[in-house]
Amino acid sequence: MEPENQIKNEQKKTRLNLKGISLYPFVLASIALFGLFIYPTLYKYDKLDQKYPVMINRLTGEAKILTQDGWQNTPNIDSALGRV
Numbered sequence: 000m001e002p003e004n005q006i007k008n009e010q011k012k013t014r015l016n017l018k019g020i021s022l023y024p025f026v027l028a029s030i031a032l033f034g035l036f037i038y039p040t041l042y043k044y045d046k047l048d049q050k051y052p053v054m055i056n057r058l059t060g061e062a063k064i065l066t067q068d069g070w071q072n073t074p075n076i077d078s079a080l081g082r083v
């Protein structure tokens, strides 16, 4: 009986080790994806002249200013700020 129990215990240990090994790449990939896409959000928020909220796209560098009409691109900054 003892050799059979020993074989079963070794099989259980092997299964546990395989589960742990296959879990590590998943955890590492999850951390990497979180760091790339979620932690640094797509937009950085700042203020222009400490009054107007500005939203800057981290990938493209495109900036938008929040006005009464909503988010407007920065080429329209003079007209956008004139309306506020």
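In numbering that gives the first Met the number 0, the protein residues as written are 0 to 83.
Note that beta-carbon positions come from the ideal geometry of N, C-alpha and C, so glycine has one too.
Assumed close pair residue i, residue j - CB separation to whole angstroms, cut-off 8 Å
i     : j     : result
Arg57 : Leu41 : 6 Å
Neighbourhood of residue i by C-beta distance below 8 Å, restricted to the same chain and skipping five residues each side
i     : result
Gly34 : none
Tyr44 : Pro52, Val53, Met54, Ile55
Nearest-angstrom Cα separation, counted from residue j out to residue i
i     : j     : result
Trp70 : Gln49 : 17 Å
Ile30 : Leu22 : 13 Å
Thr66 : Ala28 : 40 Å
Leu32 : Pro24 : 12 Å
Thr59 : Val26 : 30 Å
Three-way DSSP call (helix, strand, coil) for residue i in this model
i     : result
Val83 : In this prediction, Val83 has a pLDDT of 46, which is less than 50 and means its spatial position is unreliable; what the coordinates show is noted afterwards. Note: Val83 maps to coil in three-state DSSP.
Thr73 : helix
Tyr23 : helix
Leu32 : helix
6 Å CB neighbourhood of residue i in its chain, flanking five on each side removed
i     : result
Ile64 : Tyr51, Val53, Gln71, Ala79
Thr73 : Ala62
Neighbourhood of residue i by C-beta, 7 Å cutoff - its chain only, sequence neighbours within 5 removed
i     : result
Pro39 : Arg57
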